[in-house]
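Asker: Submitted below is the structure of interest, expressed as structure tokens.
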Amino acid sequence: MHLKDISIKTRLIISNILMLIIPCSLVIIITVVIFTGFVYRFDGTDVRTQLTDSLGFISVYQLQFHVNKLEKEVLKSGENVAENEDIIAMCKDIEDTGALVAILFENEPAYSTAGYSLEEWRNEVDRIASGANFDEDSLLYTSSRGTILSTVTKTEDGRHVCILICDPTLVSVVASTTEDLPKRAFEYMDTMGWVFIGLAILVTLATDIMLVTFISRGILVPLDKLRRATHEIRDGNLDYRVNYEGKNELGDVCADFDEMRLRLRDSVEAQQRYEDNRKELLAGISHDLSTPLTAIKGYVSGLIDGIADTPEKQSHYLKTIYSTACDMDNLVSELFTFSKLDLDRIPFYFEQVDLVGFFEDCCDELQPKFATQEAEILFDNQCGTSVCASVDRVQMKRAVMNIINNCVKYKKPGLCTICITLRMDGPDIRIEIADNGMGVSEEDLTKIFDSFYRTDRARTNVSSGSGLGLAITKQIIDRHSGKIWASGSIGKGLTICILLPAVNQE
């Protein structure tokens with residue numbers, strides 16, 4: 006699977022996930038690097054001591070929390086501290102951390118950690134407090150020997166209560182948190198903070214640029230090709246193809262666009278053919294009407310000017326005028342029929358017809374008429390049994406008449422043999438009407454069904470044909486959902502083939 010085949014939806018999902026994963030991962034890596042650099046930045050500094058002091062600083066706040074709770078319980082219970090189970094439990098919790106606890110009422114001990122007398126307490130306090138740092142806000146004494154935390158308050162009756170905590174294991178809290186941390190450590194953290202912000206911005210920008218490129222490459226490239234194709238089609242170049250083979254959504258759009266281009270090209274070509282046929286139709290009508298009108302005007306002028314000065318000439322002129330007028334009437338009638346068929350104004354009444362019987366009746370009816378024109382009509386049924394098709398009897402008979410008339414008009418001197426053959430061609434019925442006439446060149450075979458087309462390029466004799474007969478026949482066959490074509494060559498006759506869909510006989 007190629008990269009360009011990844012769908013746009015998948016691209017967006019991947020990009021959104023990567024927009025979160027990549028920056029977060031890099032930020033974590035940068036944070037670890039900065040922290041590691043901070044740890045190993047200062048030569049001669051005992052890292053373990055710093056960490057221990059930091060943890061000790063946290064323990065002071067935990068110890069202060071316990072002392073505050075203990076103070077509230079002591080004020081509630083009064084001097085009966087040793088008898089209060091809750092106070093005893095709180096003191097035990099503090100003592101479990103390694104600290105010593107003493108509660109004094111008016112400097113008299115109400116509670117003291119077991120095994121320590123008041124004198125021993127004073128010695129321990131003096132030992133820790135000697136040279137210690139002092140925090141007035143919290144009455145906190147701290148040194149390398151330990152930590153002392155005390156609170157002094159009054160009861161409701163005005164007596165002083167002092168809670169004293171002495172922890173030899175909690176050392177150098179204030180000193181390590183305020184003086185032992187070098188100033189350059191804070192400067193280092195400040196610098197690294199700005200570095201962290203800058204790297205985070207760069208990582209985010211780099212990630213966004215990479216992902217935008219990843220997405221735009223699959224979107225902008227086909228869009229640019231579509232834009233070029235649109236401009237080419239706008240300028241009339243309907244042969245310009247969108248060359249994009251992706252299988253994602255845009256690939257489908259490009260394929261649909263190209264299919265639309267092909268349909269538009271076919272439509273334009275069909276419209277151009279229609280326009281050419283219309284122009285040829287108008288030219289044919291003008292020529293085929295002007296020629297007999299000119300002849301009629303000439304004969305009428307001869308009668309008016311007295312050129313036909315005998316009854317015989319006058320009769321000949323009048324018969325010629327009448328014959329020419331009849332030819333014009335036939336031309337107008339065929340033109341009217343062609344126009345109505347072209348506009349779908351002629352109704353068709355389809356029925357299931359046995360074509361064997363239909364063509365037998367046609368041959369029997371037409372044989373006497375065309376016998377006077379030295380034409381013989383034969384029928385060859387190769388289907389064996391009857392075959393049925395859905396046809397309009399009147400219009401189908403008109404189509405057959407037009408084909409036979411065309412065969413007779415372009416026959417060779419002598420007897421013209423016209424053979425109608427009926428046979429099956431797969432699921433369809435094939436009708437072949439062949440003659441032994443002059444035939445048609447290969448160039449004309451594809452044009453004889455065009456309106457006003459005649460092999461006589463000069464179109465000097467309107468009575469020999471209007472050029473609409475086979476065009477009307479093609480429209481009739483098309484309305485029957487059939488196909489029609491011609492085959493043959495000059496001097497070897499012409500064969501008109503019709504293919505109609507067969508229907509099951511009821």
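Once you know that position 401 of the sequence shown is 406 in our numbering, the rest is easy, because the numbers rise by one and skip nothing. Built from N, CA and C at the ideal position, the CB exists for glycine as well. Here the structure is a predicted model, which is why all the values come from computation and not from measurement.
Compute the Euclidean distance between the alpha carbons of Thr451 and Ala491, then round it to the nearest angstrom.
Answerer: Residue numbering aside, residue 451 sits at position 446 when the sequence shown is read from its first letter. Residue numbering aside, residue 491 sits at position 486 when the sequence shown is read from its first letter. Rounded to whole angstroms, Thr451 to Ala491 spans 7 Å at the Cα level.
Asker: Rounded to a whole number of angstroms, what is the C-alpha to C-alpha distance between Arg164 and Val157?
Answerer: Here residue 164 refers to the residue found at position 159 when the sequence shown is read from its first residue. Here residue 157 refers to the residue found at position 152 when the sequence shown is read from its first residue. Those two C-alpha atoms are separated by around 10 Å.
Asker: Quick check: what's the CA-CA separation for Leu502 versus Ala404?
Answerer: Within the sequence shown, the letter at position 497 stands for residue 502. Within the sequence shown, the letter at position 399 stands for residue 404. Reading off the sequence, residue 502 comes out as Cys, not Leu. Here the alpha carbon of Cys502 sits roughly 12 Å from the alpha carbon of Ala404.
Asker: According to DSSP, what are the bridge partners of Ile519?
Answerer: The first residue shown for the chain is 6 and the last is 511, placing residue 519 beyond what the model contains.
Asker: Output the distance between the C-alpha atoms of Thr315 and Asp385, rounded to the nearest integer angstrom.
Answerer: By 1-based counting over the sequence shown, the position of residue 315 is 310. By 1-based counting over the sequence shown, the position of residue 385 is 380. Approximately 53 Å, taken between the alpha carbons.
Asker: Could you please give the first and the last residue of the uninterrupted alpha helix (DSSP H) stretch that includes Val86?
Answerer: Start at 1 with the first residue of the sequence shown, and residue 86 comes out as number 81. Element bounds for Val86: n/a, residue is neither H nor E.
Asker: By the three-class DSSP mapping on this structure, what secondary structure does Gln277 have?
Answerer: Here residue 277 corresponds to residue number 272 of the sequence shown, with the count starting at 1. Reduced to three states, the DSSP call for Gln277 is helix.
Asker: Since Ile425 and Cys368 are thought to touch, with beta carbons under 8 Å apart, how far apart are those beta carbons, to the nearest angstrom?
Answerer: Position 420 of the sequence shown, counted from the start, is the residue given in the question as residue 425. Position 363 of the sequence shown, counted from the start, is the residue given in the question as residue 368. The pair is a contact, with the Cβ atoms about 7 Å apart (cut-off 8 Å).
Asker: Is the distance from the Cβ of Val392 to the Cβ of Met429 below 8 Å?
Answerer: By 1-based counting over the sequence shown, the position of residue 392 is 387. By 1-based counting over the sequence shown, the position of residue 429 is 424. Against a cut-off of 8 Å, the Cβ pair of Met429 and Val392 comes out as a contact.
Asker: With Ala234 and Phe343 assumed to form a contact (beta carbons below 8 Å), what rounded beta-carbon distance in angstroms separates them?
Answerer: Your numbering for residue 234 matches position 229 in the sequence shown. Your numbering for residue 343 matches position 338 in the sequence shown. Between Phe343 and Ala234 the Cβ distance is about 40 Å, and since that is not below 8 Å, they are no contact.
Asker: Is there contact here, the stretch 324-342 with the stretch 373-387, by at least three beta-carbon pairs under 8 Å?
Answerer: When Cβ pairs closer than 8 Å are counted between the two stretches, the stretch 324-342 is seen not to touch the stretch 373-387, the count staying below three.
Asker: Could you pull the DSSP bridge partners for Pro506 from this structure?
Answerer: As a working mapping, residue 506 is identified with position 501 in the sequence shown. Answer is Asp433, bridged to Pro506.
Asker: Quick check on this structure: which residue in Pro432, Gly419, Gly241 and Glu237 has the alpha carbon closest to the alpha carbon of Val247?
Answerer: The residue you call residue 247 lines up with position 242 of the sequence shown. The shortest Cα separation from Val247 among Pro432, Gly419, Gly241 and Glu237 belongs to Glu237.
Asker: Buried or exposed for Lys479, going by 16 or more other Cβ atoms inside 10 Å?
Answerer: Residue 479 sits at position 474 when you count from the first residue of the sequence shown. With 16 or more other Cβ atoms within 10 Å, it is buried.
Asker: Tell me which same chain residues have a C-beta within less than 6 Å of the C-beta of Lys416, skipping the five on either side of it?
Answerer: By 1-based counting over the sequence shown, the position of residue 416 is 411. Counting only Cβ-Cβ distances below 6 Å, and skipping sequence neighbours, we find Gly442.
Asker: Return the chain-ordered list of same chain residues with a C-beta closer than 7 Å to the C-beta of Glu100, the five sequence neighbours on each side being excluded.
Answerer: For the purposes of this step, residue 100 is taken as residue 95 along the sequence shown, with counting starting at 1. Excluding residues within five positions, the ones whose Cβ falls inside 7 Å are Val106 and Thr118.
Asker: Name, in chain order, the residues that DSSP records as bridge partners for Phe110.
Answerer: For the purposes of this step, residue 110 is taken as residue 105 along the sequence shown, with counting starting at 1. According to DSSP, Phe110 bridges with Glu113 and Val166.
Asker: Under three-state DSSP, which class holds Val445?
Answerer: As a first step, residue 445 must be located in the sequence shown, where it is residue number 440. Val445 falls in the coil class under three-state DSSP.
Asker: Could you pull the start and end residues of the alpha helix (DSSP H) that Leu154 belongs to?
Answerer: In the sequence shown, the residue the question calls residue 154 occupies position 149. Careful: Leu154 lies outside any alpha helix (DSSP H), inside the beta strand (DSSP E) at Gly151 to Lys159.
Asker: Give the secondary structure of Val179 by DSSP, where H, G and I count as helix, E and B as strand, and everything else as coil.
Answerer: Mapped onto the sequence shown, residue 179 falls at position 174. Interpretation of Val179 is limited by its pLDDT of 43, a score under 50 that renders its predicted location unreliable; the figure taken from the coordinates is listed afterwards. Here Val179 sits in helix by DSSP.
Asker: So what's Glu317 in DSSP terms, helix, strand or just coil?
Answerer: Locating residue 317 in the sequence shown gives position 312, counting from the first residue. Looking at Glu317 - three-state DSSP - the assignment turns out to be helix.
Asker: Let me know the alpha helix (DSSP H) ranges lying completely inside the stretch 287-357, each 4 residues or longer, listed in chain order.
Answerer: Runs of the alpha helix (DSSP H) lying entirely within the stretch 287-357 and spanning at least 4 residues, in chain order: 316-347.
Asker: Applying the 10 Å Cβ sphere with the 16-neighbour rule, what's the burial state of His321?
Answerer: The residue given as residue 321 occupies position 316 in the sequence shown. With fewer than 16 other Cβ atoms within 10 Å, it is exposed.
Asker: What's the C-alpha gap between Ala275 and Asp334?
Answerer: Your numbering for residue 275 matches position 270 in the sequence shown. Your numbering for residue 334 matches position 329 in the sequence shown. Approximately 31 Å between the Cα atoms of the pair.
Asker: Ala115 and Ile170: beta carbons closer than 8 Å?
Answerer: The sequence position of residue 115 within the sequence shown is 110, counting from 1. The sequence position of residue 170 within the sequence shown is 165, counting from 1. Cβ distance not < 8 Å, so Ala115 and Ile170 don't count as in contact.
Asker: Phe454 to Ile301, Cα distance in whole Å?
Answerer: Taking the sequence shown and counting its residues from 1, the one referred to as residue 454 is at position 449. Taking the sequence shown and counting its residues from 1, the one referred to as residue 301 is at position 296. Cα to Cα, the separation comes out at about 30 Å.
Asker: Let me check one thing: in DSSP terms, what residues is Ala394 bridge-paired to?
Answerer: The sequence position of residue 394 within the sequence shown is 389, counting from 1. Beta-bridge pairing links Ala394 to Val358 and Ala507.
Asker: Grab the span of the beta strand (DSSP E) containing Ile489 for me, first residue to last.
Answerer: Position 484 of the sequence shown, counted from the first residue, corresponds to residue 489. Lys488 to Gly493 is the extent of the beta strand (DSSP E) around Ile489.
Asker: Could you work out which residue in Pro506, Leu207, Arg266 and Ile108 is closest to Asp240 when comparing CA atoms only?
Answerer: By 1-based counting over the sequence shown, the position of residue 240 is 235. Comparing Cα positions, the closest option is Arg266.
Asker: By the 10 Å Cβ neighbour count, where 16 or more other Cβ atoms means buried, how is Ile92 classified, buried or exposed?
Answerer: Working through the sequence shown from its first residue, we reach residue 92 at position 87. Per the 10 Å Cβ criterion, buried.
Asker: For Lys402, which option in Phe363, Gly389, Val508 and Val273 has the closest C-alpha, if you only look at C-alpha atoms?
Answerer: One-based indexing of the sequence shown puts residue 402 at position 397. When only C-alpha atoms are compared, the closest one is Phe363.
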